[in-house]
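Protein chains: 6
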Amino acid sequence: MARDVEDLEEFRSYRLRMNEQIMGAEHLGIKRFFNLDTAAYREGALNKRTKELLGLVASTVLRCNDCMDYHLNKCVEVGWGDEELHDALNIALVVGGSIVIPHLRHAFETIALLREEQRGSNGNNHNHNHNHDNHKAKT
Amino acid sequence: MARDVEDLEEFRSYRLRMNEQIMGAEHLGIKRFFNLDTAAYREGALNKRTKELLGLVASTVLRCNDCMDYHLNKCVEVGWGDEELHDALNIALVVGGSIVIPHLRHAFETIALLREEQRGSNGNNHNHNHNHDNHKAKT
Amino acid sequence: MARDVEDLEEFRSYRLRMNEQIMGAEHLGIKRFFNLDTAAYREGALNKRTKELLGLVASTVLRCNDCMDYHLNKCVEVGWGDEELHDALNIALVVGGSIVIPHLRHAFETIALLREEQRGSNGNNHNHNHNHDNHKAKT
Amino acid sequence: MARDVEDLEEFRSYRLRMNEQIMGAEHLGIKRFFNLDTAAYREGALNKRTKELLGLVASTVLRCNDCMDYHLNKCVEVGWGDEELHDALNIALVVGGSIVIPHLRHAFETIALLREEQRGSNGNNHNHNHNHDNHKAKT
Amino acid sequence: MARDVEDLEEFRSYRLRMNEQIMGAEHLGIKRFFNLDTAAYREGALNKRTKELLGLVASTVLRCNDCMDYHLNKCVEVGWGDEELHDALNIALVVGGSIVIPHLRHAFETIALLREEQRGSNGNNHNHNHNHDNHKAKT
Amino acid sequence: MARDVEDLEEFRSYRLRMNEQIMGAEHLGIKRFFNLDTAAYREGALNKRTKELLGLVASTVLRCNDCMDYHLNKCVEVGWGDEELHDALNIALVVGGSIVIPHLRHAFETIALLREEQRGSNGNNHNHNHNHDNHKAKT
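In the order they appear, the protein sequences are chains A, B, C, D, E and F.
Numbering of the first sequence is given in the working numbering, commencing with residue 1 and proceeding in unit increments.
Numbering of the second sequence is given in the working numbering, commencing with residue 1001 and proceeding in unit increments.
Numbering of the third sequence is given in the working numbering, commencing with residue 2001 and proceeding in unit increments.
Numbering of the fourth sequence is given in the working numbering, commencing with residue 3001 and proceeding in unit increments.
Numbering of the fifth sequence is given in the working numbering, commencing with residue 4001 and proceeding in unit increments.
Numbering of the sixth sequence is given in the working numbering, commencing with residue 5001 and proceeding in unit increments.
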């Protein structure tokens, strides 16, 4: 059950590969849905930081680990700290109940891995960090 | 189906009366849960404004009209404007899908009634507005 | 929003009338499902009292007021007291989260009406009470 | 609880009025979602008749009365008979369980009202029937 | 995360083995439920092809990968093509929202594996294909 | 997919380790929620045996394997037999529908592993059994 940083990367590449396969099927409705989904988190009346937090809480009460991992990744990218993420997850826990707890465990593990990844890329290689950000942008 | 401002007030008084009845049953677990629920939206690592928006989106994707009405009321109190509320509801719609649409209709109706209520209390009676805020604080 | 004892009776007669209409459609699968549903709460490895409580908690975490009313009615019939019902509802609240609270309000109102109904039939007319129980058995 | 044909009409006009209010808010994401939702049920690799049945079953297992009423209306328009609707609802019942039963009661009541409406418009006024269909097309 | 054709076969044998273990417990209610479930997809007022599509969409909006895999397998057996499956999945996506997307990725992967399996059995061994169909019938 | 007794132990240690990590974050709301969750299953108006069964059924209709495994473990500890567990799971199946079946397979596998574990500790080492119970109490 325990995951490591490579599992995060494997999830990202599986996600990217399958999304490309879905897009490749050329179903107009599905393609437009994916665009709409991406657009919903763009800067608007609410800023991107707030929107990613909304996406995280929605994913958590609906108990979707993959969706939570996606938004946790984004939340870390836009600069939310651990205490703020815990505060958001607490709201999801109170609204959604103890049935959310296994997903809370998953979220805490993902956050720890994302922080480990951040430390790794900061410490070893600033260029890598830069490339990494570009990679995210394409996801 | 169409509601008016009095329906909002009736919902608030029903909610208050039944919550008191539940508290009156003196079940320790239920009482502590209610306290925990209230505490989750207090100023913390995240501010109250953001937390109410998180509560609104969680309530919307879980499709609970009463919970949505409660958080919409709070969102209007802490000063969110219509465009920001629509942006949050759009995220709930994209995450939760078309099954959310009947609740979106409910939310738009509630927002319209809350704005009508705001205009009424501003226009007619500033003291009433003040009392009204106190009343909310006790809910 | 506030209901009275007559609303309970109206719910029972609507439920009975529509169930008869559904049975009248003579769809074999639907008829067998209804029989299976009834059979699940009969005395077995677990007794009826425990099973009705399981039905209540399942209905509450799935947030179905009509299902909760049905099982609360049965729970009162098989003799569960208020404190035991509150203890079961507390588990549903903790498992299901604050999204369950509007249904908790509904449940407390239903319990109060069922107790009012019990007092009424005990005080006024023992024969009526007897007939009333028979009526339940057919539902 | 019992509804009549006028309740169907009231639901349609509330739905139409609130959808217009939502559209009037001019939120690009919400508007595009509504278009995507409409497009999903248009003739494509699957025909419209099959798609409306899929919409009905999805709405039923997700237990949304308003969504069910919308798709039942459409299912009757595209010519599904009662036995076929019952067969689809049976699948929703088996997949979704007894928690679906209150929505099954709602669906049977809606179907009965839609058939009553059909008979009324056929018997009294063929022109009215024609206009009625046009009205549906705009919804 | 990536699966191959052997994972499909492993899923089928796990499913078959556990279903036999459940049947072996001889709980009358559970056994009758399994029979009812099987019966729901038999030819009736609606044909089997349509019913499998209804089962797929219900499983997708309820976000159950194992249920989706079961119905995708059946959908391929009864002859639905990729474009028709995508059209059905698009309805599930619009109704259920972006929370369905991880399950859409799963479905596209399963469809690809089922097609690979079809090509394998067609190309190499027509008798195997025949036996394979018999095996399905027993599942 | 098939699990063995070691998988049960791995689940317990992962669960324990992540819960400690969550507690270590020192978020007051989350800590209090965990305490409330534990308290809900303590002896009260209802006894512990009944409460664990309620927790099992709630977890099953909400389709959470980890929550089911936790309560199955507790149910076996407080002495429920297989027939009683099957009777409870049957109610969850009827209420929640065929979408619950994959989780029923999971539950039957967990029960078999818990019984295997019981036989192992009874046969080999009574002291181990005693220590094992203490270990559970701390979980």
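Note that beta-carbon positions come from the ideal geometry of N, C-alpha and C, so glycine has one too.
Small disclaimer: the values here were computed from a predicted structure and weren't measured.
Checking contacts by CB at 8 Å: is glycine 1120(B) closer than that to chain E? Taking Cβ atoms only, chain E never reaches closer than 8 Å to glycine 1120(B), which makes this a no.
So leucine 3036(D) contacts chain A; which residues on that side make the cut at Cβ distance below 8 Å? Within chain A, the C-beta atoms nearer than 8 Å to that of leucine 3036(D) come from Gly29, Arg32, Phe33 and Leu36, in chain order.
To the nearest angstrom, how far is it from the Cα of isoleucine 5091(F) to the Cα of leucine 2036(C)? The straight-line gap from Cα to Cα measures roughly 10 Å.
With a threshold of 7 Å on Cβ separation, who are the neighbours of lysine 1051(B) within its own chain once the five nearest residues in sequence on each side are excluded? Cβ within range, chain order: Tyr1041.
Taking a Cβ distance cut-off of 8 Å, strictly less, list which residues of the region 5081-5095 of chain F are near chain A, in chain order. Cβ proximity to chain A below 8 Å picks out nothing from the region 5081-5095 of chain F.
Taking DSSP as the reference, what is the three-state secondary structure of aspartate 7(A)? Helix, per DSSP.
To the nearest angstrom, how far is the alpha carbon of threonine 3060(D) from that of glutamate 3109(D)? The straight-line gap from Cα to Cα measures roughly 14 Å.
Whose C-alpha, out of Asn3019(D), Arg3003(D) and Arg3017(D), is nearest the C-alpha of methionine 2018(C)? That would be Arg3003(D), whose Cα lies nearest to the Cα of methionine 2018(C).
Distance between asparagine 1122(B) and leucine 4062(E) (C-alpha atoms, nearest Å): Cα to Cα, the separation comes out at about 46 Å.
Applying the 10 Å Cβ sphere with the 16-neighbour rule, what's the burial state of valine 2057(C)? The residue in question, valine 2057(C), is buried, as its Cβ has 16 or more Cβ neighbours within 10 Å.
Partners in chain C for serine 3098(D), counting only beta-carbon separations shorter than 7 Å: Against serine 3098(D), the close residues of chain C are Asp2037, in the order they occur along the chain (beta-carbon pairs closer than 7 Å).
Could you check if methionine 141(A) is buried or exposed, using at least 16 other CB atoms within 10 Å of its CB as the buried criterion? Since the first residue shown for chain A is 1 and the last is 139, residue 141(A) is missing from the structure and cannot be characterised.
Same chain, Cβ closer than 6 Å to cysteine 5067(F), neighbours up to 5 away in sequence not counted: Counting only Cβ-Cβ distances below 6 Å, and skipping sequence neighbours, we find Ser5059.
Report the rounded CA-to-CA distance for aspartate 69(A) versus glycine 5097(F), giving the unit in angstroms. Answer to the nearest angstrom: the Cα atoms are 29 Å apart.
Out of Leu2046(C), Asp2082(C) and Gly2044(C), which has the shortest C-alpha to C-alpha gap to arginine 2115(C)? The option with the nearest alpha carbon to arginine 2115(C) is Asp2082(C).
Does alanine 92(A) come out as helix, strand or coil in the three-state DSSP assignment? Alanine 92(A) carries a helical assignment under DSSP once its states are collapsed to helix, strand and coil.
Can you grab the Cα-Cα spacing for the pair lysine 3031(D) / glutamine 4118(E), in whole Å? Cα to Cα, the separation comes out at about 42 Å.
Inspect the beta-carbon positions of histidine 4086(E) and histidine 27(A) and report whether they are closer than 8 Å. Going by C-beta atoms, histidine 4086(E) is nearer than 8 Å to histidine 27(A).
Among the residues of its own chain, which have a CB less than 7 Å from the CB of cysteine 1075(B), if the five just before and after it don't count? Glu1052, Leu1053, Leu1056 and Leu1085, listed in sequence order.
Taking Cβ-Cβ distances shorter than 7 Å, what residues in chain C pair up with alanine 4040(E)? One finds Gly2029 in chain C with Cβ atoms closer than 7 Å to the Cβ of alanine 4040(E), taken in chain order.
Considering only the alpha carbon of each residue, which of Ile5101(F), Ile5099(F), Val5095(F) and Val5100(F) lies closest to threonine 2038(C)? Selection Ile5101(F), Ile5099(F), Val5095(F) and Val5100(F) evaluated against threonine 2038(C) yields Val5095(F) as nearest (Cα-Cα).
Other residues of its chain near leucine 5072(F): CB distance less than 8 Å, five sequence neighbours each side excluded: Residues of the same chain with a CB within less than 8 Å of the CB of leucine 5072(F), apart from the 5 flanking positions on each side, are Leu5056, Leu5085, Ala5107, Thr5110, Ile5111 and Leu5114 in chain order.
Does the beta carbon of threonine 4139(E) come closer than 8 Å to any beta carbon on chain D? Confidence in threonine 4139(E) is poor, its pLDDT being 31 and thus under 50, which makes the residue's placement unreliable; the coordinate value appears in the next sentence. Chain D contact via Cβ: absent.
Chain C within 8 Å of cysteine 1067(B), Cβ atoms only: Closer than 8 Å: yes.
When the cut-off is 8 Å and only beta carbons count, does aspartate 3004(D) lie next to chain F? Proximity of aspartate 3004(D) to chain F, defined by a Cβ-Cβ separation below 8 Å, is not satisfied.
Which residues of chain D have a Cβ atom closer than 7 Å to the Cβ of valine 4057(E), listed in chain order? Within chain D, the residues near valine 4057(E) are Leu3054, Val3057 and Ala3058.
Measuring straight from C-alpha to C-alpha, what distance separates phenylalanine 11(A) and proline 1102(B)? Rounded to whole angstroms, phenylalanine 11(A) to proline 1102(B) spans 34 Å at the Cα level.
Taking 8 Å as the cut-off, decide whether the C-beta atoms of glutamate 3033(D) and leucine 1016(B) are in contact. According to the sequence shown, residue 3033(D) is phenylalanine rather than glutamate. No, Cβ-Cβ distance for phenylalanine 3033(D) and leucine 1016(B) is not below 8 Å.
Could you tell me the boundaries of the alpha helix (DSSP H) in which tyrosine 1971(C) lies? Because chain C is modelled from 2001 through 2139, residue 1971(C) falls outside the range shown and cannot be assessed.
If you run the structure through DSSP and keep just helix, strand and coil, what is alanine 5002(F)? In the three-state scheme derived from DSSP, where H, G and I count as helix and E and B as strand, alanine 5002(F) is classed as coil.
Using a 10 Å radius around the Cβ and a threshold of 16 neighbouring Cβ atoms, would you call valine 4100(E) buried or exposed? Burial of valine 4100(E) is indicated by the presence of at least 16 other C-beta atoms within 10 angstroms of its C-beta.
When burial is assigned at 16 or more other CB atoms within 10 Å of the CB, is glycine 2079(C) buried or exposed? In summary, glycine 2079(C) is exposed, with fewer than 16 beta-carbon neighbours lying within 10 Å of its beta-carbon over all protein chains present.
Along chain C, which residues have their Cβ under 8 Å away from the Cβ of leucine 2957(D)? For residue 2957(D) there is no data in the structure shown, the boundaries of chain D being 3001 and 3139.
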